[in-house]
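If you use the working numbering, the sequence shown closes out at 809, no skipped numbers anywhere.
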Amino acid sequence: MKKKIVFLPYDFDTAIGINNEGALVFSYNLEDIDQTEGGADVFNGQQSVLWKNVRAAFFDELKAMYQQLRSTGALSYEKAERMFEEHQAKWPEAIFNEDAWFKYLAPLVEKGNGSYLAMLQGSKAEQRKWWLYNRFRYMDSKYNAGDSLSDVITVRGYAKANITVTPYADVYASIKYGSYLVQTRAARNYPSTLPCPLDNVNDTEIYIYSASQLADVGDLSGLMVGYADFSKALKLQRLKLGDASAAYSNGNMTELYLGNNELLRTVDVRNCPNLTQAVDLSGCSNLEHVYFDGTAITGLELPNGGILKTLHLPASMTNLTILNQSAITEFSIPSYENLSTVRLENVSDTVNSREIIAHLAPGSRLRLTGIRWEMDSLNAVLQLYDQLDTLRGLDENGGNLDKAQVSGVIILPDVTSDQIRELKARYGDINITAPSITYNVRFFDCTNPNPIYTTQVIGGEDVQDPVAAKLINVPYSTCPALPSISFPTSFAA
């Protein structure tokens with residue numbers, strides 16, 4: 317009898333993060349002091365007196381060794397992950413499939429034993445990448461090394477206050493107040509307060525490490541921040557540097573920088589009167605609430621499109637640009653007098669563009685799209701157009717134009733077709749409509765060469781030729797020599 321012998325690697329079901337039964341139960345944040353929920357040690361032998369003494373006596377040496385390995389590049393996520401990939405690549409997928417059949421599937425199919433089926437997890441390559449990436453981030457935060465040193469929020473404080481951080485992922489929350497490093501082990505979604513050890517904070521650099529792993533850094537208004545850079549805080553969901561209280565004023569704040577903070581929902585910089593720069597929030601695509609009351613900013617670059625609901629701006633604004641933000645329900649600006657550039661495209665009616673236009677000085681630049689205004693009379697429209705005539709415009713790329721650019725719809729109670737064409741000649745991208753449109757029509761009778769003037773009122777939309785559109789029926793028979801109906805010159809096809 318012939319037998320076929322197949323050698324299979326024994327530990328194809330072994331991977332980072334699994335227990336001895338092949339279950340993925342160990343997260344990247346566990347250490348040799350931790351226990352499972354059932355009370356078992358995470359690492360075998362962690363109760364050894366030897367390892368306890370190593371932990372207690374040589375923490376500084378372990379930290380220095382880790383920092384050296386990371387700073388020299390001897391140890392990194394990329395290098396460790398590549399070693400796993402290269403080692404695992406020695407076995408083709410067919411071997412993994414054979415291993416899966418022999419250990420897990422065959423017992424189920426042939427004997428009805430599915431107790432090992434939960435261990436059938438393939439190569440676990442993607443799980444390994446996730447685990448290793450977060451493990452390096454975690455260990456870097458513990459030993460203040462590697463990527464955590466460049467993954468940082470930088471602020472300059474002018475008053476003593478504690479900082480409370482809420483991690484997006486499990487890390488050691490680490491803050492350097494001046495030259496003092498304060499750390500605590502922090503869990504995802506749980507706030508941890510790191511007390512400031514300084515007696516005096518005055519133009520003091522403060523570094524909040526592992527910035528991309530933080531969801532919140534609490535209320536920073538007490539620090540009286542001067543300079544602030546949050547461009548690395550990619551998971552940040554709330555930023556509070558100012559305060560709404562009338563008693564609060566931070567004259568130190570002069571610089572604020574954010575990057576592509578796509579999870580950021582709220583920015584509060586209220587009552588920082590010396591912040592004069594044009595702040596760029598264009599990379600914060602999920603902003604909902606923005607408060608710059610009491611600042612002196614001249615412009616605010618908002619994301620093009622989004623879910624913005626609240627927008628508070630100061631009277632110092634010279635450039636108001638809002639693009640494709642239709643969800644705004646609360647808009648506040650004390651005065652429009654300083655505005656010289658206004659660009660509102662497909663913006664919520666909460667932003668009162670008609671009121672803004674009324675306060676623009678001659679020569680200001682204006683671009684409005686998607687308007688839908690109800691106006692009381694033709695005279696009101698003519699006054700508006702006279703105001704637009706004093707303004708300049710912007711093209712879609714922000715270039716200067718000699719004429720204000722406005723498009724959309726104006727609704728009047730009633731209007732004549734002649735008036736529509738008069739208005740259309742001035743601003744062709746604004747459609748004028750009314751519940752009823754009056755057409756002045758000249759009819760000709762065969763027996764009378766002089767035209768008979770009549771008026772027809774048609775409900776609905778203005779058309780070039782109401783007869784062809786079957787909105788008006790010709791009441792006279794046609795004559796070969798004379799037209800039976802004619803319209804003003806502006807009606808001509």
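By construction, the Cβ of each residue, glycine as well, lies at the ideal position given by its N, Cα and C atoms.
Spatial distance of residue i from residue j (CA atoms)
{"i": "Asn-747", "j": "Arg-472", "result": "53 Å"}
{"i": "Ala-477", "j": "Leu-536", "result": "8 Å"}
{"i": "Thr-388", "j": "Gln-553", "result": "34 Å"}
{"i": "Glu-604", "j": "Gly-462", "result": "34 Å"}
{"i": "Gly-599", "j": "Ile-623", "result": "13 Å"}
{"i": "Tyr-484", "j": "Asn-576", "result": "16 Å"}
{"i": "Glu-661", "j": "Asn-620", "result": "10 Å"}
{"i": "Ser-464", "j": "Gln-529", "result": "10 Å"}
{"i": "Asp-718", "j": "Ala-612", "result": "29 Å"}
{"i": "Tyr-344", "j": "Gln-383", "result": "19 Å"}
{"i": "Val-658", "j": "Asp-745", "result": "18 Å"}
{"i": "Ala-339", "j": "Asp-357", "result": "16 Å"}
{"i": "Lys-419", "j": "Tyr-454", "result": "34 Å"}
{"i": "Tyr-449", "j": "Arg-581", "result": "26 Å"}
{"i": "Ile-334", "j": "Asn-590", "result": "55 Å"}
{"i": "Glu-377", "j": "Leu-385", "result": "12 Å"}
{"i": "Thr-685", "j": "Phe-400", "result": "56 Å"}
{"i": "Leu-682", "j": "Asp-545", "result": "32 Å"}
{"i": "Arg-451", "j": "Gly-615", "result": "41 Å"}
{"i": "Leu-798", "j": "Asn-713", "result": "Model confidence at Leu-798 stands at a pLDDT of 44, short of 50, so the residue's coordinates are unreliable; what they give is reported in the following sentence. About 52 Å."}
{"i": "Glu-571", "j": "Tyr-543", "result": "5 Å"}
{"i": "Leu-557", "j": "Glu-442", "result": "39 Å"}
{"i": "Ile-687", "j": "Ser-669", "result": "8 Å"}
{"i": "Thr-330", "j": "Ala-422", "result": "19 Å"}
{"i": "Gly-724", "j": "Tyr-652", "result": "22 Å"}
{"i": "Phe-807", "j": "Tyr-701", "result": "Since pLDDT at Phe-807 reaches only 36, below the 50 mark, its modelled position is unreliable, and the value read off the structure follows with that caveat. Cα to Cα, the separation comes out at about 23 Å."}
{"i": "His-403", "j": "Gln-437", "result": "18 Å"}
{"i": "Tyr-276", "j": "Leu-597", "result": "This structure leaves residue 276 out entirely; the chain is present only between 317 and 809."}
{"i": "Met-691", "j": "Ile-673", "result": "15 Å"}
{"i": "Gly-361", "j": "Leu-514", "result": "41 Å"}
{"i": "Gly-715", "j": "Val-731", "result": "35 Å"}
{"i": "Ser-490", "j": "Tyr-496", "result": "10 Å"}
{"i": "Ile-332", "j": "Lys-445", "result": "10 Å"}
Run of the beta strand (DSSP E) containing residue i, from where it starts to where it stops
{"i": "Glu-646", "result": "646 to 648"}
{"i": "Gln-499", "result": "496 to 502"}
{"i": "Pro-483", "result": "479 to 483"}
{"i": "Gln-721", "result": "721 to 727"}
{"i": "Glu-337", "result": "Glu-337 -> no beta strand (DSSP E), and no H or E assigned at all."}
{"i": "Leu-627", "result": "626 to 628"}
{"i": "Tyr-488", "result": "487 to 493"}
{"i": "Val-583", "result": "582 to 584"}
{"i": "Leu-424", "result": "Element bounds for Leu-424: not the beta strand (DSSP E) but the alpha helix (DSSP H), 422 to 427."}
{"i": "Tyr-607", "result": "605 to 607"}
Residue i classed as buried or exposed, judged by whether at least 16 other C-beta atoms fall within 10 angstroms
{"i": "Leu-655", "result": "buried"}
{"i": "His-675", "result": "exposed"}
{"i": "Leu-366", "result": "exposed"}
{"i": "Val-425", "result": "exposed"}
{"i": "Asp-327", "result": "exposed"}
{"i": "Asn-336", "result": "exposed"}
{"i": "Pro-796", "result": "Unreliable positioning characterises Pro-796 in this predicted model, as indicated by a pLDDT of 49, which lies under 50. The coordinate reading is nonetheless provided below. Exposed, because fewer than 16 other Cβ atoms sit within 10 Å of the Cβ of Pro-796."}
{"i": "Ser-431", "result": "exposed"}
{"i": "Asn-568", "result": "buried"}
{"i": "Trp-447", "result": "buried"}
{"i": "Asn-566", "result": "buried"}
{"i": "Ala-560", "result": "exposed"}
{"i": "Arg-586", "result": "buried"}
{"i": "Thr-805", "result": "Annotation note: pLDDT 37 at Thr-805 (below 50); position unreliable, no value reported."}
For residue i: DSSP bridge partner residues
{"i": "Glu-571", "result": "Tyr-543"}
{"i": "Glu-521", "result": "Arg-472"}
{"i": "Asp-596", "result": "Glu-617"}
{"i": "Asp-357", "result": "Gln-351"}
{"i": "Leu-510", "result": "Ile-479"}
{"i": "Asn-590", "result": "Asn-590 pairs with nothing; no bridge assigned."}
{"i": "Thr-749", "result": "Ile-727"}
{"i": "Leu-636", "result": "Val-658"}
Enclosing alpha helix (DSSP H) for residue i [first to last residue]
{"i": "Glu-347", "result": "No alpha helix (DSSP H) contains Glu-347, which DSSP labels as neither H nor E."}
{"i": "Leu-552", "result": "Neither: Leu-552 is in no alpha helix (DSSP H) and is coded neither H nor E."}
{"i": "Ile-411", "result": "409 to 416"}
{"i": "Ser-387", "result": "375 to 387"}
{"i": "Lys-440", "result": "Element bounds for Lys-440: n/a, residue is neither H nor E."}
{"i": "Leu-530", "result": "Here Leu-530 belongs to no alpha helix (DSSP H); instead the beta strand (DSSP E) covers 530 to 535."}
{"i": "Tyr-393", "result": "393 to 404"}
CB contact below 8 Å: residue i versus chain C
{"i": "Tyr-743", "result": "You won't find chain C in this structure, because it holds only one protein chain."}
Sequence ranges, alpha helix (DSSP H) only - wholly within the stretch 639 to 682, length at least 4: 669 to 674
Contained beta strand (DSSP E) runs [length at least 3] in the stretch 686 to 743, N- to C-terminal order: 708 to 710 and 721 to 727
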